[in-house]
Amino acid sequence: MIEVQNLRKQYGTVAAVADLSFRLSPGQTLVLAGTSGSGKTTTLKMLNRLIEPTSGRILLEGRDVLSLSPAELRRRMGYVIQQVGLFPHYKVAENVAVVPRLLGWPADRIRQRSEELLQRLDLAPADFLHRYPRELSGGQQQRVGIARALAADPPVVLMDEPFGALDPITRTALQRDFRQLENLLSKTIVLVTHDVEEAFALGDLICLLDEGRLQQLGSPSELLFQPANDFVRRFLGEQRLSLAYRILTLADALPSLPTEAPAGAPTLSLPPETSLQAAQEALLQAPDPATIGRVDQPTPRFFQLTDLTAVAERRLRQPSAA
0 MIEVQNLRKQ YGTVAAVADL SFRLSPGQTL VLAGTSGSGK TTTLKMLNRL IEPTSGRILL
60 EGRDVLSLSP AELRRRMGYV IQQVGLFPHY KVAENVAVVP RLLGWPADRI RQRSEELLQR
120 LDLAPADFLH RYPRELSGGQ QQRVGIARAL AADPPVVLMD EPFGALDPIT RTALQRDFRQ
180 LENLLSKTIV LVTHDVEEAF ALGDLICLLD EGRLQQLGSP SELLFQPAND FVRRFLGEQR
240 LSLAYRILTL ADALPSLPTE APAGAPTLSL PPETSLQAAQ EALLQAPDPA TIGRVDQPTP
300 RFFQLTDLTA VAERRLRQPS AA
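In this text, residue positions in the sequence shown follow numbering that gives the first Met the number 0: the first is 0, and each later residue adds one.
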């Protein structure tokens, strides 16, 4: 779907991005992560030619993007930015309809598409279509921005710190909706973030950059448990334990869990694919603080909160994760 070959952006003697290559299949989400000034946003903007590359190739569905006009290219790529960028003098309906109108869609199709997207983003069309951006909260504006990026059904969506300006509660809710939104499931997405937890929550692949150079390209699990170098280890830093909770599942913990629960203890059943993070939250929310977790399988296994911590810490101590 998207292939980047030896991409480079040079400003005088400084390489903002140096010889970057990656390949994304349809439906995958790639997160561009790294330190400030690492080249994340420069890379993103080169994909749709808001910044022209110095050298290298960008292929979109097998076609070199340089063979497409910037206008044609950007109509095939949705774009969501941190500042939302809604037109303040347009109502929500008009903001969402910008690209479909440029493409000549009939009014009925535009209205149907706009209503469908707002509904899926928990914005009731009857309540929001006729509002101006100034009448929306930050989270609502960002949802409208996502709807606008998806309106023309582009195969690729670029997102530059889409949740960075939101408060933590709203950001967490939008991240959850992002993973569940049906309209995004089939899209190829490239997303920039400086937030490690967000990168691990949203990315199928993470491209970790520092000073314009690729440090590691891999799955969240590969970066955490098979770091390529000291920079990767330092970048994840003190968040490694919480990230392990997010990645590891009860299935990973099975060999070390007992087959019997303490006598008389209430139990809470969870499937083996439950993440350690979700299992921890489930136990903490159980009405009885003495509740023991039970892994649902032919031979049940049982766990307490301390067992989950031990599993995560043990995995991080293994040589490949050191």
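Note that the Cβ used here is the ideal one computed from N, Cα and C, for glycine as well.
Bridge pairing for Glu2: Arg22, Leu58 [DSSP]. Only buried fits Ser113, as 16 or more other CB atoms lie within 10 angstroms of its CB. For Ile145, the three-state secondary structure derived from DSSP is helix.
Taking 9 Å as the cut-off, the beta carbon of Lys39 is found no closer than this to the beta carbon of Leu29. In this structure, the alpha-carbon of Pro254 lies about 45 Å from that of Asp152. Remark: C-beta atoms of Val143 and Val91 approach each other more closely than 9 Å. Boundaries for Leu102: no alpha helix (DSSP H) harbours it, and the DSSP string shows neither H nor E there. For Tyr244, the enclosing alpha helix (DSSP H) starts and ends at 239-246.
Taking all protein chains shown into account, Arg293 has 16 or more neighbouring C-beta atoms within 10 Å of its C-beta and is therefore buried. The straight-line gap separating the alpha-carbon atoms of Val16 and Glu210 is approximately 8 Å. Taking 9 Å as the cut-off, the Cβ atoms of Asn94 and Pro132 count as close.
Between the alpha carbons of Glu197 and Val231 lies a distance of about 16 Å.
Judged by DSSP in its simplified three-state form, Phe301 adopts strand. Leaving aside the five residues that flank Gln9 on each side, the residues in its chain whose CB is nearer than 6 Å to its CB run, in chain order, Thr53.
Cβ-Cβ distances below 6 Å link Pro257 to Phe301 in the same chain, with the five nearest sequence neighbours on each side left out; the list follows chain order. Distances from the CA of Asp287 to each of Leu267, Val189, Glu272 were compared; the closest alpha carbon is that of Leu267. Within the DSSP secondary-structure output, Arg75 pairs in no beta bridge.
Take the alpha-carbon of Arg74 and the one of Val98: they are about 7 Å apart. The alpha-carbon of Gln27 is positioned some 15 Å away from that of Val3. The Cβ atoms of Pro265 and Ala289 lie closer than 9 Å to each other. Contact between Glu237 and Thr192 does not hold, since the beta-carbon distance rounds to 18 Å and is not under 8 Å. Assignment of Ser268 by DSSP, reduced to helix, strand and coil, places it in the strand class.
Under the three-state reduction of DSSP, Ile109 is assigned to helix.
Straight-line measurement puts the Cα of Arg119 at about 44 Å from the Cα of Pro318. In the structure shown, the three-state DSSP call for Ala289 is coil.
In this chain, the beta strand (DSSP E) harbouring Arg212 covers 212-217. Residue pairing by DSSP places Ile205 opposite Val30, Gly217 in a beta bridge. Counting along the chain, the unbroken beta strand (DSSP E) around Leu190 starts and ends at 187-191. Nearest to Ala309 by C-alpha distance, out of Ala70, Ala148, Gln284, Asp251, is Asp251.
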